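Our numbering puts the last residue of the sequence shown at 312; the count rises by one with no breaks.
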Amino acid sequence: MIAGMSLMFYLLDQYGKQPVYATMTQIMIALPALIFFLLVGTVVDRFDRQRICMASNICCSLCNIGILISLYYGMILLVFIFLFLENACIQFFSPSEQSMIQGVVESDQYGAAAGINQMENGLYALFGVGIATIVYWTFGIYGSILVNTLTFIMSGILIQTIFIPEKVRLPNGRTKWKEVNLKMLITEFKEGIRYIPK
């Protein structure tokens with residue numbers, strides 16, 4: 115959120131007469147959720163959740179570096195591409211992280227852990243824009259994106275240091291990418307929809 119909001123503030127500052135840039139920023143943040151919603155559940159259920167989290171953090175860090183370089187050279191189109199890719203990676207991180215909670219807490223603490231996680235997400239949604247604004251006005255656009263990059267790197271390192279049993283990381287066993295196809299995605303999506311009312 116820090117990078118996205120800071121980027122929007124920066125584009126409004128620099129290109130105030132072209133508000134379409136701020137709109138594009140919000141679109142690039144929201145669009146991956148619409149595009150990858152069918153794939154996310156299958157990937158999280160079929161592949162190593164800890165690796166998904168770590169890979170997502172690495173990809174987000176690289177995308178932030180790409181955004182920094184693109185801004186430095188004034189390549190706005192590339193900024194939007196990197197922003198889209200970063201938010202695509204985030205789509206895979208969140209469900210992987212939530213599903214791994216059961217691997218690091220005792221079964222009688224699942225409810226409390228889920229509640230704390232939801233509270234943290236709520237506080238982040240509530241105060242994230244304010245924090246992003248403070249970071250942007252304090253460190254500027256490059257500092258804001260650098261702070262965001264460092265948080266992704268730290269998150270990846272911390273997630274990698276946690277021991278999570280294989281049955282939690284791979285609840286459905288190992289799957290190869292060759293086994294994933296459109297039919298499987300649609301079938302698992304339908305099963306997920308049927309599971310919701312239960």
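Even for Gly, the Cβ is constructed at its ideal location relative to N, Cα and C.
Predicted model only: the values in this text are computed from it and were never measured.
{"Item": "By DSSP, does T252 sit in helix, in strand, or in coil?", "Value": "helix"}
{"Item": "Report yes if the C-beta distance between L145 and F303 is below 8 Å; otherwise report no.", "Value": "no"}
{"Item": "At a threshold of 7 Å, does V154 count as lining the ligand PLP (C-beta to nearest heavy atom)?", "Value": "Here there are no bound small molecules, and the ligand PLP is not part of this structure."}
{"Item": "Assuming I215 and N235 make a contact with CB atoms under 8 Å, what is their CB distance in whole Å?", "Value": "Not quite, the Cβ-Cβ distance comes to about 12 Å (not below 8 Å), so this is no contact."}
{"Item": "In the structure shown, what three-state DSSP assignment does L125 receive?", "Value": "helix"}
{"Item": "Does the Cβ-Cβ distance between N171 and G270 come in under 8 Å?", "Value": "yes"}
{"Item": "Under 8 Å by Cβ, that's how I've got N201 and M142 pegged, so tell me the actual separation to the nearest angstrom.", "Value": "7 Å"}
{"Item": "In whole angstroms, what is the alpha-carbon distance linking R283 and A228?", "Value": "17 Å"}
{"Item": "Would you kindly work out how many angstroms separate the C-alpha atoms of S184 and M268, rounded to a whole number?", "Value": "23 Å"}
{"Item": "Within its chain, find whatever has a CB closer than 6 Å to the CB of C203; leave out the 5 residues flanking it on each side and keep chain order.", "Value": "S170, C173 and C174"}
{"Item": "Can you tell me whether F241 is helix, strand or coil according to DSSP?", "Value": "helix"}
{"Item": "By alpha-carbon positions, which one of G242, R163 and G130 ends up nearest to E280?", "Value": "R163"}
{"Item": "Find out if the Cβ-Cβ distance for the pair I181, L191 is shorter than 8 Å.", "Value": "no"}
{"Item": "Compare the Cα-Cα distances from I273 to each of G254, F207 and V261 and report the closest residue.", "Value": "F207"}
{"Item": "Could you have a look at E220 and say whether DSSP puts it in helix, strand or coil?", "Value": "coil"}
{"Item": "F161 by DSSP, collapsed to three states: which one?", "Value": "coil"}
{"Item": "In the DSSP assignment, find the alpha helix (DSSP H) that holds R283 and state where it starts and stops.", "Value": "E280 to R283"}
{"Item": "Among M189, E211 and M122, which residue has its Cα nearest to the Cα of I278?", "Value": "E211"}
{"Item": "Can you list, in chain order, the residues of its chain with a C-beta nearer than 6 Å to that of C167? Leave out the 5 residues immediately preceding and following it.", "Value": "F207, S210, E211 and I273"}
{"Item": "Closer than 7 Å by C-beta to Y256: which residues in its own chain qualify, once you throw out the five before and the five after it? Chain order, please.", "Value": "L182"}
{"Item": "Restricting to Cα atoms, I'd like to know which of K297, I259 and E305 is closest to A117.", "Value": "I259"}
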